[in-house]
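Each remark here refers to the structure printed beneath this line.
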Amino acid sequence: MLSVHNVLQMSCLCLLLQYLIVGVSAAPLNEFSGQYGYLSADQTFQQFLTNNLEFIDKIKDKSQGLRNIFCRDLQLCKEEELTVLKEQMHLDPPLLDHCHSSSYNLEKCLNQVQSGLQTYHSRFPILEKVLSRNTVAVSRLRRDIEDLQSNFRQQMEHMSIEPVNYPSAEVSFPTPLHEQAGGYLLLCNLQRSLETLTRALRPFLRQ
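Right, here's the structure in full:
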């Protein structure tokens, strides 16, 4: 029977390569040229940044709290042990390639964020199932994702950005082990996406 620890050696190298690639593409952005310079004087956008960068930090903390519960109760503590299961479930984080410094586009980045948050929200039932004894904490995180998505939607409307829906991959959890691993990996992906988002938005914040 497949177990988490049986896939450790096969997974470590794959995850190391993934981190190297993500680390390069999600590196902090350089200062922007005149293309987005007007945003430094946009009071609504500046308030949006201030409020939501702080909110994102709070969401990351709550997500880490749930990861700690996985570690304590289910002995799922290391993402690198789950790479093979992750590939079996096609549980990749939503695309945020337009939020990376190499191909940055603010309008497309905001659309990808909006769509990605919807994807995370749609996958919360697996967390509610696996962490059934921690429904209050899971529900709070889910509401936070809803609120963050709403904040981005309102900002896009303010900037007259037409919403675009990005497709997300189908995810399946064929066994209880996949369900547990899937819930943990969902939180890992969420934190990674929020870190990318922070790097993408912080350079716009007027100092």
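For reference, each letter of the sequence shown is one residue, going -26 to -1, 1 to 181 in mature numbering (1 follows the signal peptide of the UniProt record, and there is no 0).
Quick reminder that beta carbons are idealized off the backbone N, C-alpha and C, glycines included.
Being a predicted model, the structure only gives us computed values, none of them experimental.
Short Cβ contact (7 Å threshold) for S37 with L164:
yes
Would you mind working out which of R97, R46, Q88 and Q154 sits nearest Q123, comparing C-alpha positions?
The shortest Cα separation from Q123 among R97, R46, Q88 and Q154 belongs to Q88.
From Y10, A155, L13 and I30, pick the residue whose C-alpha is nearest to that of R173; which is it?
I30
Report yes if the CB atom of L40 is closer than 7 Å to the CB atom of Q154, and no otherwise.
no
For Y140, which of helix, strand or coil comes out of DSSP?
Looking at Y140 - three-state DSSP - the assignment turns out to be coil, as it is neither helix nor strand.
Rounded to whole angstroms, what's the CA-CA distance from P141 to P67? Just pull it up for me.
Cα-Cα distance, rounded: 12 Å.
Per DSSP, what kind of secondary structure is I135 in: helix, strand or coil?
coil
Simplified DSSP assignment, three categories, for N125:
N125 falls in the helix class under three-state DSSP.
C-alpha distance - C51 paired with D71, whole-angstrom precision
The C-alpha of C51 lies about 28 Å from the C-alpha of D71.
Is DSSP giving V145 helix, strand or coil here?
coil
Would L101 and V110 qualify as a contact pair, given that the criterion is a beta-carbon distance under 7 Å?
no
Nearest to H95 (by Cα), restricted to the options K82, D118 and C162:
D118
May I have the straight-line CA-CA distance separating P148 from Q181, to the nearest angstrom?
Here the alpha carbon of P148 sits roughly 49 Å from the alpha carbon of Q181.
Near C83, which residues of its chain fall below 8 Å by C-beta distance, leaving aside the five closest residues on each side in sequence?
L70, H72, C73 and A174
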